[in-house]
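Here is the structure we will look at, set down as structure tokens.
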Amino acid sequence: MNKFHACMISAGLLLVFGCAADNSRSYARSEGSAADTAPLLRESARPAYARGKEAGRSVGKQNFQVPAGHQMTFTARLGLNVGNVRTAVDQSRRLAMKFGGYVKRMDNSSTVLAIPVKNADAALTELSKLGVLNSLTITGDDVTQQVTDLKIRLENLEKSRKRLLALLEKAGKVDEMVKVETAIARVTTELERLQAQQNNLNLRIAYVTMYVNFKAAVAHRVIQPTSPVAWVNSLGSNLLEFNQQITNNGDSLIIDLKLPAGFVKNGSTGAVSGNHCIIELESYNNAVTATHWYGDDYAGIDFYVPMIQKALAERFKVPVAMTRCRIDGYDAAIYTVKPVIGGISYTLRIAVAVVKSEVKVITVRARSTDFDQALPEAAWKKLIESVDF
Numbered sequence: 000m001n002k003f004h005a006c007m008i009s010a011g012l013l014l015v016f017g018c019a020a021d022n023s024r025s026y027a028r029s030e031g032s033a034a035d036t037a038p039l040l041r042e043s044a045r046p047a048y049a050r051g052k053e054a055g056r057s058v059g060k061q062n063f064q065v066p067a068g069h070q071m072t073f074t075a076r077l078g079l080n081v082g083n084v085r086t087a088v089d090q091s092r093r094l095a096m097k098f099g100g101y102v103k104r105m106d107n108s109s110t111v112l113a114i115p116v117k118n119a120d121a122a123l124t125e126l127s128k129l130g131v132l133n134s135l136t137i138t139g140d141d142v143t144q145q146v147t148d149l150k151i152r153l154e155n156l157e158k159s160r161k162r163l164l165a166l167l168e169k170a171g172k173v174d175e176m177v178k179v180e181t182a183i184a185r186v187t188t189e190l191e192r193l194q195a196q197q198n199n200l201n202l203r204i205a206y207v208t209m210y211v212n213f214k215a216a217v218a219h220r221v222i223q224p225t226s227p228v229a230w231v232n233s234l235g236s237n238l239l240e241f242n243q244q245i246t247n248n249g250d251s252l253i254i255d256l257k258l259p260a261g262f263v264k265n266g267s268t269g270a271v272s273g274n275h276c277i278i279e280l281e282s283y284n285n286a287v288t289a290t291h292w293y294g295d296d297y298a299g300i301d302f303y304v305p306m307i308q309k310a311l312a313e314r315f316k317v318p319v320a321m322t323r324c325r326i327d328g329y330d331a332a333i334y335t336v337k338p339v340i341g342g343i344s345y346t347l348r349i350a351v352a353v354v355k356s357e358v359k360v361i362t363v364r365a366r367s368t369d370f371d372q373a374l375p376e377a378a379w380k381k382l383i384e385s386v387d388f
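The numbering of the sequence shown is numbering that gives the first Met the number 0, which starts it at 0 and goes up by one.
What follows is the structure, encoded as structure tokens:
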């Protein structure tokens, strides 16, 4: 090969290396034409979520709309209070498949889902029904320029690779061939890296990433106290707390009663059944009504009845059934609440009796199916009849 030919190969390598090493100059020169064919919205005219800023959005339609001529990526973050965390995790996995998506990550209390943009609103609505939605953030990023830049850089690299392949055919010496092959390898590596980046970006555009976090909690907690009596405000606050550490102490139950079949004593304040039906016993100081207390002027059941009714109704936002009765000869009231949390029905039954200087409270809680199995009406009646204050 003559000197002129060798100089041409060297010049070609320099040209290709320049293009491969600084594609930014190449695509910057093409930016004007791209902007002319698809002009971007002015920053002030673009919607807030299109600028990548978080915005509180409601569950419904059109949460994932893309402006004409733009490419967007969306992320949604949901926080849900549910009755059973493991069940909700599995339900979210099935919902992802139902709407044509897939699970990117899953653990004991959360999932990361990828949902096609066209189905994202419907999937978001269904996910919100798994429990009580307490937080929702939707973030949108405009990646139009990033898509354009990647496309131009890939086109430039492909052109560089073709020029190198042409130079390789003309190279006559071994050292010249090695130089060209090294350049081809560098360009090919960069080409493959950008292709992977483009594929990942296309997936982010096509699918909405949804981060769903589940927590076991009561559906509606009383934010502000509804009465001046603290124990009334706490009724039902532990509805979903079923992990019990059984205490085998020798103390008697603080309320003498006969445990139904299938229950075992748990310390001095309660019992638990094999299917997670929990009985809890509590005793509180009764209120005094007289200005000058002489030891026997205490509040009656009428003082507590409306107070408890209101507290339970505000906590669970469902009807509260109440019946008056007498337990062991004392005035009493029995309340039954059946809230639905995360698609699961729970039963909470509370018996309150005024026994002179004390108020005795018997609480039973479980999933409704477990409650009915462990403590049907006949067994509940026997339990109440066995009470000895």
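The beta-carbon is built from N, C-alpha and C at its ideal position, and this holds for glycine as well.
Assigned with DSSP and collapsed to three states, Asn80 falls in strand. Non-local C-beta neighbours of Lys169 in its own chain, meaning closer than 6 Å and more than five positions away in sequence, are absent. Contact between Ile278 and Val363 holds: their C-beta atoms lie close to 5 Å from each other, under 8 Å. Under the DSSP assignment, Ile300 falls in the alpha helix (DSSP H) whose first and last residues are Ile300 to Phe315. Thr322 and Ala113 have their C-alpha atoms spaced approximately 50 Å apart.
Only buried fits Gly269, as 16 or more other CB atoms lie within 10 angstroms of its CB. Annotation for Phe262: the continuous beta strand (DSSP E) segment containing it runs Phe262 to Lys264.
For the set Ala165, Ser233 and Lys264, the Cα lying nearest the Cα of Asn248 is the one of Lys264. For Glu154, the closest C-alpha among the options Asn118, Val186 and Thr288 is that of Val186. Taking C-beta atoms under 8 Å as the contact rule, Leu347 and Leu238 qualify, at a distance of about 6 Å.
By the CB criterion at 9 Å, Arg92 and Met105 fall inside the cutoff. Contact annotation, Ala75 with Phe98: C-beta distance approximately 13 Å; criterion of less than 8 Å not satisfied. Boundaries of the beta strand (DSSP E) around Ser272: Gly269 to Ser272. Taken in chain order, the complete beta strand (DSSP E) segments of 3 residues or longer contained in the stretch 94-144 are 101-105, 109-115 and 131-141. Beta-carbon to beta-carbon, Cys276 and Phe370 are separated by about 6 Å, close enough to satisfy the 8 Å threshold. Under DSSP, the beta-bridge partners assigned to Ala365 are Thr346. The stretch 337-346 and the stretch 119-135 touch, with three or more beta-carbon pairs separated by less than 8 Å. Taking 8 Å as the upper bound for CB-CB distance, Val211 and Ser109 are in contact here, some 6 Å apart. According to the DSSP assignment, Ala320 belongs to the beta strand (DSSP E) that extends over Val319 to Ile326. When only Cα atoms are considered, Ser226 and Leu200 end up about 55 Å apart. Secondary structure at Ser91: helix, using DSSP grouped into helix, strand and coil. At least 9 Å separates the beta-carbon of Ser233 from that of Ala365. Taking each of Gly139, Arg162, Val353 and Arg192 in turn and checking the Cα distance to Arg152, the smallest one comes out for Arg192. The residue among Ala260, Arg203, Ala352 and Ser367 with its C-alpha nearest the C-alpha of Ile326 is Ala352.
Contact between Leu167 and Glu157 does not hold, since the beta-carbon distance rounds to 16 Å and is not under 8 Å. Asp140 places its beta carbon less than 9 Å from that of Phe73. As computed with DSSP, Ala373 is found in no beta bridge at all.
The C-alpha of Val146 is placed about 8 Å away from the C-alpha of Gln70. Nearest to Gly328 by C-alpha distance, out of Glu384, Asp301 and Ile349, is Glu384. Straight-line measurement puts the Cα of Val88 at about 23 Å from the Cα of Lys117. For Asp174, the enclosing alpha helix (DSSP H) has its first and last residue at Val173 to Ala205.
With a cutoff of 9 Å on beta-carbon distance, Leu311 and Tyr283 are scored as not near each other.
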